[in-house]
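Residue numbers (my numbering): 259 to 480. All C-beta atoms, glycine included, are put in the ideal place defined by N, C-alpha and C.
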Ligand SMILES: Cc1cc2nc3c(=O)[nH]c(=O)nc-3n(C[C@H](O)[C@H](O)[C@H](O)COP(=O)(O)O)c2cc1C
């Protein structure tokens with residue numbers, strides 16, 4: 259698979275096979291993505307690889323937080339509610355396509371909606387959840403580095419037959435993640451990445467999100 263194929267073939271995978279990913283493979287992926295660029299080469303990333311019983315414990319605590327409607331807050335400034343109209347429309351389309359695909363009416367099917375939300379916090383039953391962190395107070399630019407690092411992981415994973423789903427949803431409960439994994443207070447939780455072998459038969463994995471054409475977001479200056 260070449261790079262353009264990898265970029266086009268990657269998609270957010272929300273169902274996984276019940277098949278473990280070896281620590282050796284995870285190490286190999288991280289050993290490649292450490293060559294990702296970062297501003298001034300500060301490499302501001304830290305990764306928690308969460309598997310096995312620890313993953314179950316974290317999923318349980320996060321799910322409980324959702325069910326108990328615990329207060330949600332990100333460690334960093336997330337998208338504002340006032341997205342520009344074009345972005346708001348894409349946001350709504352994304353949700354609509356997922357709900358249509360899963361045959362959920364979010365206004366009526368409250369139980370199905372909760373189940374859908376909880377799947378995020380159970381990491382879509384992926385055997386591995388990577389938690390990507392950076393350092394508190396070092397500036398929003400660090401999030402650029404983490405985003406690039408995350409894409410490196412998502413693309414490299416494909417080479418090993420693995421799939422991923424980026425997840426900022428779980429970063430809404432950073433204190434639970436820090437406490438469960440005994441992460442220092444000087445780290446902020448940026449995002450999760452579900453990682454595992456894709457269940458290619460799963461209906462949800464047949465969903466593909468649309469993208470705008472180049473002309474919609476590009477201006478050439480000569
Ligand atoms: C930073 C980031 C955070 C995301 N968080 C979530 C999430 O919490 N849950 C989820 O199901 N998808 C999440 N996604 C996946 C997006 O919905 C997805 O990338 C987008 O709809 C495009 O679809 P594709 O990745 O399948 O091409 C996230 C993606 C990114 C880049």
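Taking C-beta separations shorter than 7 Å and ignoring five residues to either side along the sequence, residue 478 has no partners in its chain. With at least 16 other beta carbons inside 10 angstroms of its own, residue 410 counts as buried.
Contact between residue 412 and residue 446 is ruled out by a C-beta separation of about 21 Å, above the 8 Å threshold.
Comparing alpha-carbon positions, the option among 429, 297, 275 lying closest to residue 398 turns out to be 297.
Residue 293 sits exposed, since fewer than 16 C-beta atoms from the chains shown fall within 10 Å of its C-beta.
Rounded to the nearest angstrom, the gap between the Cα atoms of residue 373 and residue 322 is 12 Å. As the crow flies, the alpha-carbon of residue 394 is around 15 Å from that of residue 305. Not one heavy atom of ligand 1 is found less than 7 Å from the C-beta of residue 302.
Counted as a single uninterrupted DSSP element, the alpha helix (DSSP H) harbouring residue 409 occupies residues 399-417. The DSSP-derived three-state label of residue 343 is helix.
Per DSSP, reduced to three states, the secondary structure at residue 395 is coil, with no helix or strand assignment. For residue 452, the three-state secondary structure derived from DSSP is strand.
The stretch 332-339 makes contact with the stretch 424-431: 3 or more CB pairs, one atom from each, lie closer than 8 Å. Counting C-beta pairs closer than 8 Å gives fewer than three between the stretch 361-370 and the stretch 263-272, which falls short of the contact rule.
Straight across, the Cα-Cα distance linking residue 384 with residue 265 is about 21 Å. Ligand 1 has a heavy atom closer than 7 Å to the beta-carbon of residue 272.
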